[in-house]
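Each residue of the sequence shown is one higher than the one before, starting from 1 at the first, in the numbering used here.
Each residue gets a CB set at the ideal place from its N, CA and C atoms; glycine is no exception.
Predicted model, so just to flag it, every value in this text is computed and none were measured.
Take a look at the structure below.
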Amino acid sequence: MSVTALRRAATQSVAGLPRAFWWLWTSTLVNRLGGFVLTFLALYLTAQRGFSAAYAGLVASLIGLGGVIASILGGVLADRLGRRPTLLGAQLATAATVAVLAFVRDPVSIAVTGFALGLASNASRPAVQAMMADIVRPEDRVRAFSLNYWAINLGFAVSSVYAGFLVAQSYTVGFLVEAGMTLACALVVFVKVKETRPDTRKGVSSSAPSVAGPAVTMVTVLRDRRFMLMVGLSFLVAVVFTQSSVGLPIVMGQEGLSSSDVGLVAAVNGVIIVALQIPLTRFIERRDPGRLLTVSSLLIGFGFALTAFAGSVLTYALTVAVWTLGEMVNAPTQSGLVAKLAPAEGRGRYQGVYTTSWSAAALVAPLVGGWVLDSAGAGWLWAGCAALGTVTSVGYWMLMRGLDGNRVAAGSPVDTTAAVTNTPA
Numbered sequence: 001m002s003v004t005a006l007r008r009a010a011t012q013s014v015a016g017l018p019r020a021f022w023w024l025w026t027s028t029l030v031n032r033l034g035g036f037v038l039t040f041l042a043l044y045l046t047a048q049r050g051f052s053a054a055y056a057g058l059v060a061s062l063i064g065l066g067g068v069i070a071s072i073l074g075g076v077l078a079d080r081l082g083r084r085p086t087l088l089g090a091q092l093a094t095a096a097t098v099a100v101l102a103f104v105r106d107p108v109s110i111a112v113t114g115f116a117l118g119l120a121s122n123a124s125r126p127a128v129q130a131m132m133a134d135i136v137r138p139e140d141r142v143r144a145f146s147l148n149y150w151a152i153n154l155g156f157a158v159s160s161v162y163a164g165f166l167v168a169q170s171y172t173v174g175f176l177v178e179a180g181m182t183l184a185c186a187l188v189v190f191v192k193v194k195e196t197r198p199d200t201r202k203g204v205s206s207s208a209p210s211v212a213g214p215a216v217t218m219v220t221v222l223r224d225r226r227f228m229l230m231v232g233l234s235f236l237v238a239v240v241f242t243q244s245s246v247g248l249p250i251v252m253g254q255e256g257l258s259s260s261d262v263g264l265v266a267a268v269n270g271v272i273i274v275a276l277q278i279p280l281t282r283f284i285e286r287r288d289p290g291r292l293l294t295v296s297s298l299l300i301g302f303g304f305a306l307t308a309f310a311g312s313v314l315t316y317a318l319t320v321a322v323w324t325l326g327e328m329v330n331a332p333t334q335s336g337l338v339a340k341l342a343p344a345e346g347r348g349r350y351q352g353v354y355t356t357s358w359s360a361a362a363l364v365a366p367l368v369g370g371w372v373l374d375s376a377g378a379g380w381l382w383a384g385c386a387a388l389g390t391v392t393s394v395g396y397w398m399l400m401r402g403l404d405g406n407r408v409a410a411g412s413p414v415d416t417t418a419a420v421t422n423t424p425a
């Protein structure tokens, strides 16, 4: 592809999105530039503090438990109180808990702080996802979610490189840097991001019935069978993907690789996404989401399975490249599908339940991964990843058969231009 064609693709990918989206995008980028603690937490607990892989898995699972609770709570609060206050509160709480984690040392305190971190850091996700669905037109959502995912990984790629060297000198300083960057993210939201909840539009009181239909409750979401099946499949994908921050760094540490090596390998994921996500978006926008989700699940599952054959920084990086391609297709496609399936007045709850699939995986995957590593070895862990990827791909194929186009239309947004423009900051 020529330079001109690349420039044209980049221009088409960013054109036409509202200013409110770009401020939200900026806050995401700032947040991820400092978001690296979870990447190094397992290595910190095992190599720096001398805890077992099983204990590291327990702490990661407690973070996941907090995330499960926060995903539901954050979704409900985003619908009831608003996206903006939910997002701000979650970011401030995250900064505080990361700072505390820098100084706690005994196992119980670390575990409790980890749970609090999971609770705080995951409460913001439903609000961000619902905000994007509020702001962006249905035909632009996959593109918007791809660009936001690009920002996440641009920040991750940069932070992984410098954080690896930073924590090699001092984990405490590294944790405090993340706390400071999270506060900076909250500042961007406070100053520039306005409320977008549909019932806060000018001329519509928050107590007025929703113009989009009857009220959506958690019971409504849980009774949505097609959506809940998608959540279950997302959970299986997330169980595999979570090994990037649990199983992978532990195995690399056991192979004698340093924290800097782990950071460099982790950065491969972000670098590939930064380089290819925008041109890839132009491709996936025109493709059947069922096929995309099916293929991406296989790439993720078997990409992790290839880790069984890695033994150097280069070979680990090559395996990361394989499952990263699957991730790049899976993440925006799934997010766009959730936005389509969710009615406007229930976007927070739908996004909250969807986010729960990842939080639940963060609870289950570290426990299972740590136990498998301690009792059976890395080979069995990577074989399990291949099996889950296969099961998930079949599930997505079945899920997308006969998807009702009328149901997709139910997810169309209300007019959020007024909400973005007229709601006080």
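Coil, strand or helix - residue i by DSSP
| i | result |
| --- | --- |
| residue 160 | helix |
| residue 368 | helix |
| residue 196 | coil |
| residue 386 | helix |
| residue 348 | helix |
| residue 141 | helix |
| residue 266 | helix |
| residue 288 | coil |
| residue 119 | helix |
| residue 16 | coil |
| residue 154 | helix |
| residue 257 | coil |
| residue 227 | helix |
| residue 241 | helix |
| residue 217 | coil |
| residue 104 | coil |
| residue 360 | helix |
| residue 246 | coil |
| residue 446 | Nothing can be reported for residue 446, as the shown portion of the chain is limited to 1 through 425. |
| residue 204 | Low confidence applies to residue 204: its pLDDT is 40, below 50, so where it sits in the model is not reliable, and the reading given next is rough at best. Here residue 204 sits in coil by DSSP. |
Local Cβ density within 10 Å of residue i, reported as buried at 16 or more and exposed below that
| i | result |
| --- | --- |
| residue 132 | buried |
| residue 19 | exposed |
| residue 203 | In this prediction, residue 203 scores a pLDDT of 40, lower than 50, which makes its location untrustworthy; the coordinate-derived value is nonetheless stated afterwards. It counts as exposed. |
| residue 426 | Outside the shown range of the chain (1 to 425) lies residue 426, about which nothing can therefore be said. |
| residue 288 | exposed |
| residue 222 | exposed |
| residue 351 | buried |
| residue 160 | buried |
| residue 60 | buried |
| residue 382 | buried |
| residue 125 | buried |
| residue 425 | Note that residue 425 has pLDDT 28, beneath the 50 cutoff, so the model's placement of it is unreliable and the number below is only indicative. Exposed is the call here. |
| residue 241 | buried |
| residue 225 | exposed |
Same chain, Cβ closer than 6 Å to residue i, neighbours up to 5 away in sequence not counted
| i | result |
| --- | --- |
| residue 142 | 285, 332, 336 |
| residue 79 | 348, 349 |
| residue 47 | 253 |
| residue 261 | 313 |
| residue 155 | 29, 32, 33 |
Residues near residue i by beta carbon distance below 7 Å, same chain, minus five either side
| i | result |
| --- | --- |
| residue 397 | 290, 294 |
| residue 69 | 119 |
| residue 320 | 265, 268, 269 |
| residue 187 | none |
| residue 92 | 186 |
| residue 53 | 46, 250, 370, 373, 374 |
Terminal residues of the alpha helix (DSSP H) in which residue i lies
| i | result |
| --- | --- |
| residue 307 | That residue, residue 307, is in no alpha helix (DSSP H); it is neither H nor E in DSSP. |
| residue 126 | 124-135 |
| residue 334 | 313-341 |
| residue 79 | 53-80 |
| residue 85 | 83-101 |
| residue 42 | 37-43 |
Residue-chain proximity (residue i, chain C), Cβ-Cβ < 7 Å
| i | result |
| --- | --- |
| residue 307 | Protein chain content of the structure displayed is limited to a single chain, and chain C is not contained in it. |
8 Å Cβ shell around residue i - same chain, five flanking residues per side excluded
| i | result |
| --- | --- |
| residue 330 | 237, 292, 293, 296, 297, 300 |
| residue 232 | 357, 395 |
| residue 234 | 334, 354, 357, 358 |
| residue 99 | 175, 176, 179 |
| residue 166 | 173, 174, 177 |
| residue 56 | 41, 42, 45, 46, 246, 250, 366, 370 |
Residue i Cβ short of 6 Å to the ligand PLP heavy atom set
| i | result |
| --- | --- |
| residue 178 | This structure does not include the ligand PLP; it has no bound ligands of any sort. |
Check: Counting Cβ pairs closer than 8 Å, one from the region 147-165 and one from the region 354-371, do we hit at least three?
Finding: no
Check: Are at least three pairs of beta-carbons, each pair with one atom in the region 386-401 and one in the region 298-315, less than 8 Å apart?
Finding: yes
Check: Does the pairing of the region 116-132 with the region 307-324 give three or more beta-carbon distances under 8 Å?
Finding: no
Item checked: the region 268-278 / the region 318-329 touching (three or more Cβ pairs under 8 Å) -> yes
Checklist line | Cβ pair count under 8 Å reaching 3, the region 35-42 against the region 173-184 | finding: yes
Notebook entry, point to check: Would you call the region 76-92 and the region 368-375 in contact, with 3 or more CB pairs under 8 Å?
Noted result: no
Item checked: At least three beta-carbon pairs within less than 8 Å, the region 122-141 to the region 20-31 -> yes
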